[in-house]
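Q:
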Ligand code: UDP
Ligand code: MG
């Protein structure tokens with residue numbers, strides 16, 4: 089539990105499945121990257137039902153540092169479910185995600201956050217020189233191409249988990265197993281402004297990769313058609329706004345008796361003039 093820690097601005101969310109050897113160095117690198125920024129942050133490890141020493145290592149990390157939290161999935165549920173759990177528990181307005189296996193470099197986080205400060209809702213890393221086998225690189229390249237064509241999007245590297253995102257749009261998109269491969273596309277559908285920056289990538293030194301072509305290809309393809317369908321059927325919530333009935337001039341100047349009278353029941357649902365402007369969407373836009 090975090091006790092006397094400032095409310096974090098930034099929540100770092102890390103899905104973890106059997107990564108015991110990588111965690112101590114990862115934690116040190118994250119603190120090394122974030123502490124100098126002087127902004128309150130928390131680090132949320134989501135243990136996705138690990139069966140190695142991960143739970144013990146995470147407990148230790150959290151006991152050493154009050155800004156570190158551990159969420160545990162009762163059984164292995166997959167990377168997206170772990171990320172989703174992290175998003176639900178996160179308290180920061182901005183979430184940074186990265187893998188636990190040290191392939192992503194926490195030293196890139198300050199640049200992601202700087203791009204967020206330029207007004208973006210999501211900043212995705214693009215692994216400039218990817219340190220994986222050629223089979224993985226080739227299959228990703230094909231997958232990215234097909235995905236972009238079918239979703240009418242332009243995401244250079246969906247496989248890169250290193251990202252920063254405002255929590256609000258994240259909470260407005262549908263979550264499903266496999267969603268992590270479509271996160272920027274779904275966020276864009278929800279109206280998020282997105283950009284990409286090149287990031288470092290390192291070879292996996294410890295633990296096993298959790299995906300291979302056979303467990304990735306068919307599921308990702310099925311998900312792709314689901315996202316394509318979603319794009320067609322998307323409900324654009326930005327189009328809804330509450331009318332400020334007392335300050336809007338239009339034809340019907342008629343009668344105030346139709347309004348909820350100032351009886352007891354109307355006190356909360358009646359007219360919130362000041363809240364209305366703050367809660368309304370950021371103006372007309374989108375399709
Ligand atoms: N992961 C997880 N649950 C799973 C599979 C993976 O939480 O069922 C985590 C894993 O520990 C790592 C991240 O998701 O932190 C990405 O996994 P991996 O490195 O194997 O994927 P790749 O780099 O090959 O895309
Ligand atoms: Mg990896």
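Residue numbers (the working numbering): 89 to 375. Cβ atoms here follow ideal geometry from the backbone N, Cα and C, with glycine treated the same way.
#1: With distances taken from each beta carbon to the nearest heavy atom of ligand 2, which residues come in below 7 Å, in chain order?
#2: Bridge partners for residue 242 per DSSP, in chain order?
#3: Return the residue from the list 315, 293, 290 that minimises the CA-CA distance to residue 386.
#4: Which runs of the alpha helix (DSSP H) fall wholly inside the region 177-207 and span at least 4 residues, in chain order?
#5: In or out: residue 234 buried (at least 16 other Cβ within 10 Å) or exposed?
#6: Sort 325, 107, 197 by Cα distance to residue 140 and report the nearest one.
#7: So for residue 355, helix, strand or coil by DSSP?
#8: Please report the straight-line C-alpha distance between residue 97 and residue 276, rounded to a whole angstrom.
#9: Please list the segments of the beta strand (DSSP E) lying wholly inside the region 102-178, counting only runs of 3 or more residues, in order along the chain.
#10: Quick one: using the 10 Å Cβ neighbour count with 16 as the cut-off for buried, is residue 223 buried or exposed?
#11: Out of 196, 133, 200, point me to the one whose CA is closest to residue 177's CA.
#12: Helix, strand or coil: how does DSSP classify residue 282 here?
#13: For residue 216, which of helix, strand or coil comes out of DSSP?
#14: Quick one: Cα of residue 101 to Cα of residue 183, how far?
A: On the basis of the data shown:
#1: 187, 189, 191, 292, 297
#2: On the chain shown, residue 242 is found 154 positions in, with the first residue counted as 1. Assignment of beta-bridge partners to residue 242 by DSSP yields no partner.
#3: Shown here, the chain extends from 89 to 375; a query on residue 386 therefore has no answer.
#4: 197-205
#5: Within the chain shown, the letter at position 146 stands for residue 234. So residue 234 counts as exposed.
#6: To locate residue 140, count along the chain shown from 1; it is residue 52. Nearest option by C-alpha distance: 107.
#7: Walking along the chain shown from the start, residue 355 turns up at place 267. Below a pLDDT of 50, predicted positions are generally treated as unreliable, and residue 355, at 35, falls in that range; the measurement from the model is reported next regardless. Note: residue 355 maps to helix in three-state DSSP.
#8: In the chain shown, the residue the question calls residue 97 occupies position 9. In the chain shown, the residue the question calls residue 276 occupies position 188. The alpha-carbon atoms of residue 97 and residue 276 are separated by roughly 23 Å.
#9: Within the region 102-178, the complete beta strand (DSSP E) segments at least 3 residues long are 129-135, 156-160, listed from N- to C-terminus.
#10: Stepping through the chain shown from its first residue, residue 223 is reached at position 135. Exposed: under 16 other Cβ atoms inside 10 Å.
#11: In the chain shown, counting from the first residue as 1, residue 177 sits at position 89. Among 196, 133, 200, the Cα nearest to that of residue 177 belongs to 133.
#12: The residue labelled residue 282 in the question sits at position 194 within the chain shown. The answer is strand: DSSP assigns residue 282 an E or B state.
#13: Taking the chain shown and counting its residues from 1, one reaches residue 216 at position 128. Looking at residue 216 - three-state DSSP - the assignment turns out to be coil, as it is neither helix nor strand.
#14: Looking up residue 101 in the chain shown gives position 13. Looking up residue 183 in the chain shown gives position 95. About 7 Å.
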